[in-house]
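**Student:** Got a structure for you, written out below as structure tokens; questions coming shortly.
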Amino acid sequence: KGLRPVYLCLWRFCLPAPVMVGRGRKGKLPPGPTPLPFLGNILQVKTSAPFKSFLELKEKYGPVFTVYLGPRRVVVLCGHDTVKEALVDQAEEFSGRGEIATIDRNFNGFGVALANGQRWQQLRRFSLTTLRNFGMGKRSIEERIQEEAQCLVEEIRRTKGQPFDPTFFLSRTVSNVISSVVFGSRFDYEDKTFLSLARGALKGTHVAS
């Protein structure tokens with residue numbers, strides 16, 4: 123009984139919070155479902171297939187809408203034209219990457235694929251300059267890509283028309299192109315060390331996403 127007044131007081135102050143935040147930013151954010159305290163709209167998103175939930179919300183709020191995944195505010199873009207307008211037509215304004223807790227904790231924003239802002243621009247310039255020195259944009263690197271593409275075709279032929287997941291096939295191909303450019307050699311597709319590294323990279327990507 124002694125805790126009841128405290129609980130009611132906390133509830134009284136916490137409940138209006140998302141509503142007041144929403145009102146204050148109504149003119150700046152796209153429309154979207156009203157979030158719950160602390161939970162946001164997480165109960166409206168199917169964790170097994172979130173894209174289905176977003177498609178349903180698109181029908182109600184349009185191709186651009188706002189949802190709250192817990193305390194995190196997320197603006198969702200649905201549809202080819204909408205995504206193209208943001209990521210291609212206005213690429214400079216939308217070039218930033220969102221924060222991913224598992225990645226930020228492990229890499230602290232370092233790495234070409236994981237950095238953001240000014241750091242990413244510096245790493246990108248350095249990487250492009252270095253890759254050009256290795257032959258990017260020249261015939262030498264094109265030959266390596268064509269060679270690896272032939273290896274990929276042979277691997278696909280070995281499936282003999284049976285259904286397969288292309289993710290791992292493509293991952294090995296891209297990894298071999300990078301290895302060829304950086305180290306001057308490629309791995310056999312059945313090399314145990316190569317397979318272990320490729321699977322580890324894919325697993326890490328799945329966990330992070």
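First residue of the sequence shown: 123, per my numbering; consecutive thereafter.
The C-beta atom is built at its ideal place from N, Cα and C for all residues, glycine as well.
#1: Rounded C-beta distance between T188 and R195? I'm assuming under 8 Å.
#2: If you draw a straight line from the alpha carbon of P159 to that of G239, how long is it in whole angstroms?
#3: Kindly indicate the opening and closing residues of the beta strand (DSSP E) around L158.
#4: Which same chain residues end up closer than 6 Å to L209 when comparing Cβ atoms and leaving out the 5 residues on each side of it in sequence?
#5: Rounded C-beta distance between F305 and F316? I'm assuming under 8 Å.
#6: Leaving aside the five residues before and after F176 along the sequence, list all residues of the same chain whose C-beta is less than 7 Å from its C-beta, in chain order.
#7: Under 8 Å: do the stretch 150 to 157 and the stretch 171 to 186 share three or more Cβ pairs, one atom per stretch?
#8: Cutting at 7 Å between CB atoms, please list the residues of its own chain near V299, excluding the five before and the five after it.
#9: Among all the DSSP beta bridges, which residues are the ones paired with Y190?
#10: Taking the continuous alpha helix (DSSP H) assigned at V183, which residues delimit it?
#11: Going by beta-carbon coordinates alone, are F290 and L324 separated by less than 8 Å?
#12: For V167, does the three-state DSSP call read helix, strand or coil?
#13: With 16 other CB atoms within 10 Å as the buried threshold, where does G162 fall?
#14: Would you mind giving the Cβ-Cβ distance between A320 and R294, rounded to the nearest angstrom? I have them listed as a contact below 8 Å.
#15: What would DSSP say about Q244, mapped onto helix, strand or coil?
#16: Look up F309 in the DSSP assignment and say whether it is helix, strand or coil.
#17: Write down the C-beta distance between K174 and K168 rounded to the nearest angstrom, noting that I regard them as a contact closer than 8 Å.
**Tutor:** Let's see:
#1: 6 Å
#2: 31 Å
#3: No beta strand (DSSP E) contains L158, which DSSP labels as neither H nor E.
#4: F216
#5: With 8 Å as the limit, F305 and F316 do not qualify as a contact, their Cβ atoms being about 12 Å apart.
#6: V198, C200
#7: yes
#8: R266, I267, E270
#9: R195
#10: For clarity, residue 183 is Tyr in the given sequence; the question names Val instead. Here the alpha helix (DSSP H) through Y183 covers 172 to 183.
#11: yes
#12: coil
#13: buried
#14: 6 Å
#15: helix
#16: coil
#17: 6 Å
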